[in-house]
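Chains as they are written, first to last, in our numbering: chain A, 390 to 728; chain B, 111 to 642. The C-beta atom is built at its ideal place from N, Cα and C for all residues, glycine as well. Below: one structure, written as structure tokens.
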Ligand SMILES: [Zn+2]
Ligand SMILES: [Zn+2]
């Protein structure tokens, strides 16, 4: 096998290297900077140059080499290259070729262009290891232009009623993607410290993001009326919120597609947006790889692999420690991104 | 439908009662009249009959979505709601229409007699022409499972805001046997004819559970105490030589209790009483258990055998109308005295009694009387202020439930299942077991009583400690002990443990209790012997 599934994670024997391992290993290839994929404790790391600043920011002083999209590297008996996954800035799928057989590890991905990350590129392969976070046909995302309109309308209405709009977003990726959709003419954009830290890292690597003001104990919130406040989901409903005064709350997440989740989170608004592929995205991405065999990792693995098997793929499930089921998947992405 | 779907979205998007009321009031002010009437009907539980089986809807939705049925079925427990699952799996609509709500309902009802092929094409066509929220609302109409997160009370308040008519008056107007076919906006809301509907009940006055020491209610002499009976709350109406019995859920249940018909011969028309329908043991002059009343609730016609096995009486405790006059504004003491006088000379074998007053000189005396409740087949005491009028709906202050403390047992959680709707992503439905030797025997389910934080915590724990799966049900490692509170216990042949509990819920997560100290099957059997 080109890749094997071990206790420590996905392993390439020909290169003696792991991909996104969850136990400490000597050498790790990292698809992207979310905490369930880039973990501390490995001997050496290899990631794209676009992912590297966030990984360094989160994991501190590690041995990290970088690689560009499409650049090929020989490691042992394997040819390794990284390709855009469209998930968050710098995120990659990892292509591994051994003796002419090609496997691709998707990491997390989405097929729509978010205007921020390098868009997803299908990579032809024999075996594709795909996430299936949203691998059920109930998941379908709001088009980006509609989403931008919904967000800005909500912001404008909330500002007009003399309140701040507080949006729960994941600190890495989602927050910056939303930043790009916001219309700054509505008012100031404020950030929670966790969001600001990650945003600063991405800004420093050259991404064009609108101006934000981090909320500190000194921030004069009274003078900043009608603001959009971006905070990690866990901050909503916490004591941190109290100082903001009257607010309207919202969450931006793929789970907001479900009315039950929207209601349980008890926010005023839910915006259906995810950095993972929706049902059509997963299916079209898999079809575009031309793969005969597909392994699915996190999410609705049982249902999605059965579906793929019925579509004629050789499908299997790989137990990983990426994300988790339901809300935990995206929740876990905040933890590491919060310094 | 767009206007109605927008109303739905507005109600769904906010948790603020004020915002909901405003959205509804705006709808009542400007929606077409027929739509307004249907909106009131839907929000007061008057749904159109279900025309199409959910099995068919599932098949058609899967077919239109281009997915196998098993995959549709796999989506359903994730979403927790059939109407929403259908709305989510369907492809984007290809056309746009905007027909009024009433027109859609009329179209649906016209399908009642249609062939299956006609029904199918009509439904697929509708799905194809409705935007996602409209589709969801439409599916709710189809499946009859209508809940909009709006109580009838809130709807009535909005209607009062929109029309300027007094809220209590509107509550009364909206009660009774009307449907959008028999009523118009004018006849129902604006100028109702009081004689048009003799069956129309008064809104029930509902009590709160007392949340402080009863001494805080002031002098005991201000209060009238009665037993809190464990039957079905009912309002008996005698008007124009006929009679009607309404349940608290505003359901007409006259035919289920034919023995009450004879009361027409003994009480004058223009009499309305509030009370409790109880299965009654006339020899012992005590109620039979709720379990014995239960078979009579579900059926529209009652076989003879059941009539003799579980005869019912109305245990009356209030008089709302007398001599055709509305007595609700008069003080309880006066209503009660008239009720007792009216019933005083009736034959003993009539299925009607006055709920006896429970007398005591002071609060400790009442507390003593309360403690005997379970042995008398009652759930505790009701405390009612003698000077109070009969109000509409749930209002704090004049009527209090003073229930006996629930029974409790410590049990081990062994199975978990995700909730539905709002709680579809949480494990909230648990099965509990007690020890029988070194075996754990399941005896009840419970799904309420924990805080959101506790449900979140237990959900994470369930995910990590699943030992087996049976469809949506997960077997979990026996580790956690919960105190289960319940109101009663009955013998049951349907349950392996041999008992069934009434209103079981999780009173406390007993983190302090080791597994071995959970209660036993023998403990349960002892409770059954004492209270069953
Ligand atoms: Zn990720
Ligand atoms: Zn992930």
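DSSP three-state assignment for residue i, whether helix, strand or coil
i: residue 390 of chain A; result: coil
i: residue 700 of chain A; result: coil
i: residue 656 of chain A; result: coil
i: residue 549 of chain B; result: strand
i: residue 573 of chain A; result: helix
i: residue 721 of chain A; result: Confidence at residue 721 of chain A is low in this model, with a pLDDT of 39, below 50, so its placement is unreliable and the value that follows should be read with caution. Correct three-state label for residue 721 of chain A: helix.
i: residue 382 of chain B; result: strand
i: residue 199 of chain B; result: helix
i: residue 85 of chain B; result: With chain B running from 111 to 642 in the structure shown, residue 85 of chain B is simply not present.
i: residue 458 of chain A; result: strand
i: residue 115 of chain B; result: helix
i: residue 555 of chain B; result: strand
i: residue 401 of chain A; result: strand
i: residue 344 of chain B; result: strand
i: residue 366 of chain B; result: helix
i: residue 314 of chain B; result: coil
i: residue 623 of chain A; result: helix
i: residue 714 of chain A; result: The pLDDT assigned to residue 714 of chain A is 30, lower than 50, so where the model puts this residue is not dependable; a value taken from the coordinates is nonetheless given after this. In the structure shown, residue 714 of chain A sits in coil (DSSP, three-state: anything other than H, G, I, E or B).
i: residue 468 of chain B; result: coil
i: residue 600 of chain A; result: coil
i: residue 349 of chain B; result: strand
i: residue 624 of chain B; result: coil
i: residue 542 of chain B; result: strand
i: residue 733 of chain A; result: The requested residue 733 of chain A is not part of the displayed model; chain A covers only 390 to 728.
i: residue 527 of chain B; result: strand
Residue i classed as buried or exposed, judged by whether at least 16 other C-beta atoms fall within 10 angstroms
i: residue 566 of chain A; result: buried
i: residue 507 of chain A; result: buried
i: residue 525 of chain B; result: buried
i: residue 535 of chain A; result: exposed
i: residue 548 of chain B; result: exposed
i: residue 574 of chain A; result: exposed
i: residue 437 of chain A; result: buried
i: residue 139 of chain B; result: exposed
i: residue 265 of chain B; result: buried
i: residue 482 of chain A; result: buried
i: residue 121 of chain B; result: buried
i: residue 111 of chain B; result: buried
i: residue 614 of chain A; result: exposed
i: residue 180 of chain B; result: exposed
i: residue 689 of chain A; result: buried
i: residue 322 of chain B; result: exposed
Contact list for residue i against chain A, beta-carbon separation under 7 Å
i: residue 190 of chain B; result: 649
i: residue 582 of chain B; result: None at all; the shortest Cβ gap to chain A is about 12 Å.
Interface residues of chain B facing residue i [CB-CB closer than 7 Å]
i: residue 692 of chain A; result: 181, 184
i: residue 658 of chain A; result: 123
i: residue 373 of chain A; result: Chain A is shown only over 390 to 728; residue 373 of chain A falls outside these bounds and no answer can be derived.
Under 8 Å by beta carbon: chain B residues contacting residue i
i: residue 646 of chain A; result: 198
i: residue 525 of chain A; result: 181, 184, 185, 188
i: residue 631 of chain A; result: Simply none; closest approach about 18 Å.
i: residue 699 of chain A; result: 178
i: residue 583 of chain A; result: Within 8 Å Cβ-Cβ: nothing; residue 583 of chain A doesn't reach chain B, min ~20 Å.
i: residue 481 of chain A; result: What residue 481 of chain A touches in chain B: nothing, since even the nearest Cβ is about 29 Å away.
DSSP bridge partner residues for residue i (one or two, in chain order)
i: residue 578 of chain B; result: B:585
i: residue 619 of chain B; result: B:592
i: residue 333 of chain B; result: B:495
i: residue 339 of chain B; result: B:488
i: residue 416 of chain A; result: A:433
i: residue 431 of chain B; result: B:382, B:436
i: residue 638 of chain A; result: A:555
i: residue 520 of chain B; result: B:593
i: residue 285 of chain B; result: None, per the DSSP bridge assignment.
i: residue 397 of chain B; result: B:390
Neighbouring residues, chain A, relative to residue i (Cβ below 9 Å)
i: residue 195 of chain B; result: 527
i: residue 577 of chain B; result: Going along chain A, no residue has its Cβ under 9 Å from residue 577 of chain B, so there is no contact; the nearest lies around 16 Å.
Distance cut-off 7 Å: residue i Cβ against heavy atoms of ligand 3
i: residue 425 of chain A; result: Absent from the structure shown: ligand 3. Ligands present: ligand 1 and ligand 2.
Under 8 Å from the C-beta of residue i: neighbouring residues of chain A
i: residue 418 of chain B; result: Simply none; closest approach about 47 Å.
Checklist entry - Taking any heavy atom of ligand 1 as the mark, which residues have a C-beta closer than 5 Å to it, listed down the chain? => result A:423, A:497
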